[in-house]
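Numbering (my numbering), first residue to last: -1 to 452.
Taking it in order: structure first as structure tokens, then the write-up.
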């Protein structure tokens, strides 16, 4: 690893000394609407829980629920334990065995959870647009594109899935598709199978799901996403539950993980693809995912049995206008649907938490966090009328919801704390937090380890 690739700095507990960031603990910059319906009862965690120390893949688990039982994180008295910076944006982190795994555009890193020091890093040879990692029993998996690719040379693409030893970073195997692929997305691991999705170069926008043996990299089966597949070079990771993989592309597809047989598929008006942010989540017999058209975007729940629609939810301009605090803006927004991007949801017990980032206008853009019951009714909404703010894909404990740079209460969406600082790039919304051993790890321009009172 080059000495100047990653820098680590000890961070003092005083707020406001890290790259212009500070911490606020009020909801003065957001609007909460907790009066839409009654709150549901939630079980209380022990006063001193034993922390869950693992978060092995994005979303915490293969089902992408954004939670792991026993996980807890900081609620107040927030401090930065450490931070690391790289030459390019750092992915969402995963945590296993006192090690944080993350990646930038061309390198995978293993860092100590204690102080952020580098345990190992991969060489930056022919890796480009590396995905977030996923950790298995002994290996770390990433998808990648190619640093040698040229738009007029399909043979220049050497995108692949790479597996490295999680203790040393030594390559164990790599899988290269037998056709040109622009990029392979963040892998999902379940029952020894590694799932990843790529868009074929020269095949229009046709995408393909690959299922690989996690130990050897052997190709088990593939599935073409059909119709127009994945739009662009990125694809959202699949969710896997009870041996079934769920893919969100132009259509929504449920595939048997052992055989590659399609159990069911939907072909609705609109699309489920969203540049890697809109991965599905599976919990309580339901599949949760966002979709969009040119005129509206909705978040929906479907039966995992047959894909039938159970309910859908949308953000109207009349709801979002409550955060703008200006009469003119309210009049413009009243009753009109918001266009934008949904995050992957977080699901715990019977509650579903999802973020939404408005696509336009360029100013006065609104971001919304919504808490839904399992029947689709709204428990509360918290809106941010702040051009700098982006709602990240959430992760949750039994008491606190983390949306990247903001922590909110489960009960009514009150902000516990929030990082403020330089404008957030919208791409950072694609780096969900990881929660492990009482610490929240937030990727993006900088990877931060945040601790505090639980």
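Virtual Cβ for every residue (Gly too), placed ideally from N, Cα, C.
Residue environment, residue 44, which counts as buried when at least 16 other CB atoms sit within 10 Å: Looking up residue 44 in the chain shown gives position 46. At residue 44, the pLDDT of 40 sits below 50, so the modelled position is not reliable; the number obtained from the coordinates is stated separately. So residue 44 counts as exposed.
Range of the contiguous beta strand (DSSP E) that encloses residue 261: Reading the chain shown from its first residue, position 263 is the one you call residue 261. Run containing residue 261: 260 to 264, per the beta strand (DSSP E) assignment.
Pairwise C-alpha distance: residue 313 and residue 325: Translated into the one-based positions of the chain shown, residue 325 becomes position 327. Translated into the one-based positions of the chain shown, residue 313 becomes position 315. Note that residue 325 scores 40 on pLDDT, short of 50, meaning its location in the model is unreliable; the coordinates nonetheless yield the value given after this. The straight-line gap from Cα to Cα measures roughly 19 Å.
Beta-carbon spacing of residue 208, residue 220 below 7 Å: Sequence index remark: in the chain shown, residue 208 carries index 210 (1-based). Sequence index remark: in the chain shown, residue 220 carries index 222 (1-based). Yes, the Cβ-Cβ distance between residue 208 and residue 220 is below 7 Å.
Touch test, the stretch 387 to 407 against the stretch 341 to 351, Cβ-Cβ under 8 Å, three pairs minimum: When Cβ pairs closer than 8 Å are counted between the two stretches, the stretch 387 to 407 is seen to touch the stretch 341 to 351, the count reaching three or more.
Counted within 10 angstroms of its Cβ, other Cβ atoms place residue 46 as buried (16 or more) or exposed: Taking the chain shown and counting its residues from 1, one reaches residue 46 at position 48. Model confidence at residue 46 stands at a pLDDT of 46, short of 50, so the residue's coordinates are unreliable and nothing is read from them.
Residue 26 versus residue 263 - alpha carbon distance: Counting from one through the chain shown, the residue named residue 26 turns up at place 28. Counting from one through the chain shown, the residue named residue 263 turns up at place 265. Low confidence applies to residue 26: its pLDDT is 40, below 50, so where it sits in the model is not reliable, and the reading given next is rough at best. Rounded to the nearest angstrom, the two C-alpha atoms are 44 Å apart.
Short Cβ contact (7 Å threshold) for residue 192 with residue 185: As a first step, residue 192 must be located in the chain shown, where it is residue number 194. As a first step, residue 185 must be located in the chain shown, where it is residue number 187. Yes, the pair counts as a contact, with Cβ atoms nearer than the cut-off.
Contact check, residue 128 vs residue 99, beta carbons under 7 Å: As a position in the chain shown, residue 128 is number 130, starting the count at 1. As a position in the chain shown, residue 99 is number 101, starting the count at 1. Residue 99 sits away from residue 128, with the two beta carbons spaced by 7 Å or more.
Three-state secondary structure (DSSP) of residue 75: Residue numbering aside, residue 75 sits at position 77 when the chain shown is read from its first letter. Three-state DSSP puts residue 75 in a strand.
Under 7 Å between C-beta atoms of residue 62 and residue 256: Within the chain shown, residue 62 is the residue found at index 64, counting from 1. Within the chain shown, residue 256 is the residue found at index 258, counting from 1. Their beta carbons are not under 7 Å apart, which means residue 62 does not touch residue 256 by this criterion.
Residues sharing a beta bridge with residue 394, DSSP: Taking the first residue of the chain shown as position 1, residue 394 is located at position 396. According to DSSP, residue pairing for residue 394 in a beta bridge involves 399.
Burial state of residue 102, where buried means 16 or more other Cβ atoms lie within 10 Å: Against the chain shown, residue 102 aligns to sequence position 104. Residue 102 is buried by the Cβ-count criterion.
Cβ neighbours of residue 441 in the same chain (closer than 7 Å, five flanking residues each side left out): For the purposes of this step, residue 441 is taken as residue 443 along the chain shown, with counting starting at 1. Excluding sequence neighbours, residue 441 sits near 88, 89, 90, 91, 100 and 429.
C-beta atoms of residue 173 and residue 195 nearer than 7 Å: Here residue 173 refers to the residue found at position 175 of the chain shown. Here residue 195 refers to the residue found at position 197 of the chain shown. Note that the C-beta distance between residue 173 and residue 195 is not below 7 Å.
Assumed close pair residue 433, residue 69 - CB separation to whole angstroms, cut-off 8 Å: Residue numbering aside, residue 433 sits at position 435 when the chain shown is read from its first letter. Residue numbering aside, residue 69 sits at position 71 when the chain shown is read from its first letter. With 8 Å as the limit, residue 433 and residue 69 qualify as a contact, their Cβ atoms being about 5 Å apart.
Rounded C-alpha distance that separates residue 450 from residue 338: Walking along the chain shown from the start, residue 450 turns up at place 452. Walking along the chain shown from the start, residue 338 turns up at place 340. Straight-line measurement puts the Cα of residue 338 at about 33 Å from the Cα of residue 450.
Cβ-based neighbour list, residue 447, same chain, cut-off 6 Å, excluding 5 preceding and 5 following: For the purposes of this step, residue 447 is taken as the residue at position 449 of the chain shown. Within the same chain, 79, 80, 437 and 439 come within 6 Å of residue 447 by CB-CB distance, once the 5 residues on both sides are set aside.
Continuous beta strand (DSSP E) stretch holding residue 94: start and end: Numbered from 1 along the chain shown, position 96 holds the residue referred to as residue 94. For residue 94, the uninterrupted beta strand (DSSP E) run begins and ends at 92 to 94, by DSSP.
Extent of the continuous beta strand (DSSP E) run through residue 169: Looking up residue 169 in the chain shown gives position 171. 169 to 173 is the extent of the beta strand (DSSP E) around residue 169.
Simplified DSSP state of residue 413, which is helix, strand or coil: As a working mapping, residue 413 is identified with position 415 in the chain shown. Reduced to three states, the DSSP call for residue 413 is strand.
Residue 63, DSSP secondary structure in three states: Taking the chain shown and counting its residues from 1, one reaches residue 63 at position 65. Of the three classes helix, strand and coil, the one that applies to residue 63 here is coil, per DSSP.
N- and C-terminal bounds of the beta strand (DSSP E) containing residue 137: Residue mapping note: residue 137 aligns to position 139 of the chain shown, counting from 1. It spans 137 to 141 - the beta strand (DSSP E) in which residue 137 sits, taken as one unbroken run.
For residue 270, three-class secondary structure by DSSP: Locating residue 270 in the chain shown gives position 272, where the first residue counts as 1. Annotated three-state conformation of residue 270 is coil, per DSSP.
Reduced DSSP category for residue 437 - H, G, I as helix; E, B as strand; rest coil: Along the chain shown, read from residue 1 onward, the residue named residue 437 stands at position 439. It is a strand residue.
Beta-bridge partners of residue 449, as assigned by DSSP: Reading the chain shown from its first residue, position 451 is the one you call residue 449. Beta-bridge partners of residue 449 (DSSP): 77.
Range covered by the beta strand (DSSP E) that runs through residue 356: The residue labelled residue 356 in the question sits at position 358 within the chain shown. Annotation: the continuous beta strand (DSSP E) that includes residue 356 extends over 349 to 356.
C-beta atoms of residue 64 and residue 392 nearer than 7 Å: Position 66 of the chain shown, counted from the first residue, corresponds to residue 64. Position 394 of the chain shown, counted from the first residue, corresponds to residue 392. A distance below 7 Å separates the beta carbons of residue 64 and residue 392.
Contact under 7 Å by Cβ, residue 97 with residue 167: Counting from 1 along the chain shown, the entry for residue 97 is found at position 99. Counting from 1 along the chain shown, the entry for residue 167 is found at position 169. When the beta-carbon positions are compared, residue 97 and residue 167 stay at least 7 Å from each other.
Residue 236 and residue 245 closer than 7 Å at C-beta: Start at 1 with the first residue of the chain shown, and residue 236 comes out as number 238. Start at 1 with the first residue of the chain shown, and residue 245 comes out as number 247. Yes, the Cβ-Cβ distance between residue 236 and residue 245 is below 7 Å.
7 Å Cβ cutoff met for residue 171 and residue 141: Locating residue 171 in the chain shown gives position 173, counting from the first residue. Locating residue 141 in the chain shown gives position 143, counting from the first residue. No, Cβ-Cβ distance for residue 171 and residue 141 is not below 7 Å.
Check whether residue 284 and residue 294 have beta carbons under 7 Å apart: Here residue 284 refers to the residue found at position 286 when the chain shown is read from its first residue. Here residue 294 refers to the residue found at position 296 when the chain shown is read from its first residue. Not a contact, by the Cβ cut-off of 7 Å.
Which of helix, strand or coil DSSP assigns to residue 163: Indexing the chain shown from 1 puts residue 163 at position 165. When secondary structure is reduced to three states using DSSP, residue 163 falls in the strand class.
Between the CA atoms of residue 55 and residue 117 - distance to the nearest angstrom: By one-based count along the chain shown, residue 117 stands at place 119. By one-based count along the chain shown, residue 55 stands at place 57. For residue 117 and residue 55, the gap between their C-alpha atoms comes out near 19 Å.
Among 336, 108 and 348, the one whose alpha carbon lies nearest that of residue 454: For the chain, the structure presents residues -1 to 452; residue 454 sits outside this window and is missing.
Unbroken beta strand (DSSP E) run spanning residue 115, endpoints: In the chain shown, residue 115 corresponds to position 117, counting from 1. Careful: residue 115 lies outside any beta strand (DSSP E) and carries neither H nor E.
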